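Heads up: the sequence shown at position 55 corresponds to 42 in the numbering used here, and the numbers run straight through without jumps. Where a beta carbon is used, it is the ideal one built from N, C-alpha and C, also for glycine. For clarity, every value in this text was computed on a predicted model and none was experimentally measured. Here is the structure we will look at, set down as structure tokens.
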Amino acid sequence: MKFLQSVCLAASLLLASSTVAAPVAKRQNVGARKRIALWEWTLTRDYPSYPGIQETAASMGSSSELASVMNWESWTPTEVPLAHAPMVRTPMQLVGDAWSQITGTLRNQQQSGVAPLVHFYNEPERQGIAPAEAASVWRNSMLPLRALFGARLVGPAPASDPTGTQWLREFMSHLGDGEKPDYTGVHFYTSQWTLSSEEVGYAQDYIRGRRDEYGLDVVVSEIASTNRDYNEADYFTRSMARWMDGESWVHQYGFFGMSREPADGFVSPAAQLLDINGHWTPLGRFIAGLE
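Structure (structure tokens):
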């Protein structure tokens, strides 16, 4: 799903992120933990004013399941005690302060003895970015991160529709064997009306198909049920999480919905991982391994 925000608000967070919350010790991605905390940027903005957000962020330090935090940004949400995986979401993150923040994070993680992880392009086909153009940027800007910092590179993650599938196929066709990502980036959202017992099969087939087509392990950087029925959303989330936990070729995955309110009308209120005050919902506690 395309992550939208205004340029002015993004700029203000770039300037303010270092003062929003004091840095805390990062728990690096170790062991079998696979789940990504998809920490929506408004949580960082609202962190000083919401005790619920503060409690939720602190609880991640004791999570048995969360491996990393991603906020679709170059800047680190310092209030979250997890290793940050920055994202080059658009070409804007390839220059200036944003690029400096990304390389700084990768350098710091390398010096800590952990191979850093960085994501590239969020649903680029919906941003009007051509596959050949993205491949050129990948070759010139992303591949050097692997050489300089030992970074593991997550390829672009298009939407799980025919347009996105074709875009990724064309992107990969422009890369030589030594230029491929470490992980194929994957998104998957259900239909709003299909039973989750069917959607689980569709999701598994789609994710497995991306692995089989490119021969790479995958990072499912966004997945969620859009069904408005709580029981359906709960069934899909728990079933898919347990399945991905058991597949060795799924490196990491993140369920969308870690925000005080639904990001837009597409996502389902029933699949939210936080409530209006920033506390975990029952589904959120499951994802965090805190049940």
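DSSP three-state assignment for N214, whether helix, strand or coil: coil
Return the residue from the list Y240, S123, L162 that minimises the CA-CA distance to D204. Y240
Same chain only: Cβ atoms within 6 Å of Y222, ignoring 5 sequence neighbours per side: S183
On a CA-only basis, which of H106, A122, W267, Q96 is nearest S246? Give me that one, please. W267
Can you list, in chain order, the residues of its chain whose CB lies under 6 Å from that of A44, leaving out five sequence neighbours each side? E66, V67
By the three-class DSSP mapping on this structure, what secondary structure does M57 have? Note: M57 maps to strand in three-state DSSP.
Would you report the Cα separation of L260 and E248, rounded to the nearest angstrom? 10 Å
Measuring straight from C-alpha to C-alpha, what distance separates S99 and E234? 28 Å
Any idea if W125 is buried or exposed, counting beta-carbon neighbours within 10 angstroms, 16 or more meaning buried? buried
Count the other C-beta atoms from every protein chain shown that fall within 10 angstroms of the C-beta of W28, then say buried if there are 16 or more, exposed otherwise. buried
Straight-line CA distance for R20 to E52? 5 Å
Neighbourhood of T224 by C-beta distance below 8 Å, restricted to the same chain and skipping five residues each side: A211, S212, F242, A258, L270, F273, I274
Quick one: grab the DSSP three-state call for T181. T181 falls in the coil class under three-state DSSP.
Measure the CB-CB distance between E209 and H174 and report whether it falls below 9 Å. Yes, they are a contact pair.
N- and C-terminal bounds of the alpha helix (DSSP H) containing G172: In this chain, G172 is not harboured by any alpha helix (DSSP H); it is covered by the beta strand (DSSP E) spanning 171 to 176.
Please identify the residue among Q114, V254, A228, Y170 whose C-alpha is closest to the C-alpha of T150. Q114
Using CA coordinates, which residue listed in S147, V141, D148 is at the minimum distance from H238? V141
Measuring CA to CA, which of S226, H161, R197, R133 is closest to I89? Nearest C-alpha to I89 among S226, H161, R197, R133: R133.
When you measure from the CB of L53 to every non-hydrogen atom of the ligand NAP, does any distance come out below 8 Å? Of the ligands one can find in the structure shown there are none, so the ligand NAP has no counterpart to examine.
Would you call the stretch 179 to 199 in contact with the stretch 157 to 170, where contact means no fewer than 3 C-beta pairs closer than 8 Å? no
Residue span of the beta strand (DSSP E) that contains G241, given as start and end: G241: member of the beta strand (DSSP E) spanning 237 to 242, first to last residue.
Identity of the residues DSSP links to H106 by a beta bridge: H106 is bridged to M74, V141.
Contact set for L130: own chain, Cβ-Cβ below 7 Å, skip 5 residues either direction: E166
DSSP beta-bridge partners of W125: W125 pairs with nothing; no bridge assigned.
With a threshold of 16 other CB atoms inside 10 Å of the CB of W62, please say whether the residue is buried or exposed. Counting Cβ neighbours within 10 Å, W62 comes out buried, since at least 16 surround it.
Under 9 Å between C-beta atoms of V56 and V75: no
Residue burial classification, S87 (beta-carbon count within 10 angstroms, cutoff 16): exposed
For R22, does the count of other Cβ atoms within 10 angstroms reach 16, so buried, or fall short, so exposed? buried
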